[in-house]
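This report concerns only the one structure given below.
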Amino acid sequence: MADLRKAARGLMCTVRIPGHCNHNPETSVLAHYRLAGTCGTATKPNDMQAAIACSSCHDIVDGRVKIDDFTKTEIRLMHAEGEKVSPRSHNG
Numbered sequence: 155m156a157d158l159r160k161a162a163r164g165l166m167c168t169v170r171i172p173g174h175c176n177h178n179p180e181t182s183v184l185a186h187y188r189l190a191g192t193c194g195t196a197t198k199p200n201d202m203q204a205a206i207a208c209s210s211c212h213d214i215v216d217g218r219v220k221i222d223d224f225t226k227t228e229i230r231l232m233h234a235e236g237e238k239v240s241p242r243s244h245n246g
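So the number in my numbering is just where the residue sits in the sequence shown, counting from 1, plus 154.
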C-alpha cells in the first residue's frame with residue numbers, strides 16, 4: 155500500500171474550512187479522522203480514515219486553533235467530507 159501520509163504532501167486541501175483554509179499545498183498533510191473504537195492514546199486511526207488538510211485546517215480539526223464561525227459538529231463534517239478525496243485518488 156502506498157504511504158498516504160507522504161502522498162498527501164503537495165496536494166490541495168480537501169477539508170477547506172471557509173475563511174480559514176490557506177489553500178497552500180506545501181503545508182498539506184494527512185489529517186486523521188478520530189472515531190471511537192478506531193484510535194486511542196498515542197494510536198492514530200487507519201490512514202484510509204483521513205483527509206488531506208492544509209496546516210490551517212489541520213490545526214482547527216485537531217483543536218489546536220479554536221474558531222467561533224463554525225460549531226465542532228460542522229468542523230467534523232468538513233473533515234469527514236474531505237475524506238472523499240484521498241491521496242490515492244489524486245495519484246491513480
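Glycine included, C-beta positions come from ideal geometry on N, C-alpha and C. Note that the structure is predicted; figures quoted are calculated from it, not measured.
**Study point:** Range of the contiguous beta strand (DSSP E) that encloses isoleucine 206
**Key:** Against the sequence shown, residue 206 aligns to sequence position 52. Start and end: 204-207.
Review point. Where do the ends of the alpha helix (DSSP H) carrying histidine 233 lie?
Key: The residue labelled residue 233 in the question sits at position 79 within the sequence shown. Start and end: 226-236.
Exercise for review: Out of Ala161, His174 and Asp157, point me to the one whose CA is closest to aspartate 223's CA.
Suggested key: By one-based count along the sequence shown, residue 223 stands at place 69. Among Ala161, His174 and Asp157, the Cα nearest to that of aspartate 223 belongs to His174.
Review point. Alpha carbon to alpha carbon, what distance is there between alanine 205 and valine 169?
Key: Your numbering for residue 169 matches position 15 in the sequence shown. Your numbering for residue 205 matches position 51 in the sequence shown. Looking at the two C-alpha atoms, the distance is approximately 7 angstroms.
Point to revise | Backbone secondary structure at leucine 158 - three-state DSSP | key: The count along the sequence shown starts at 1 and reaches residue 158 at position 4. Residue state, collapsed to three classes: helix.
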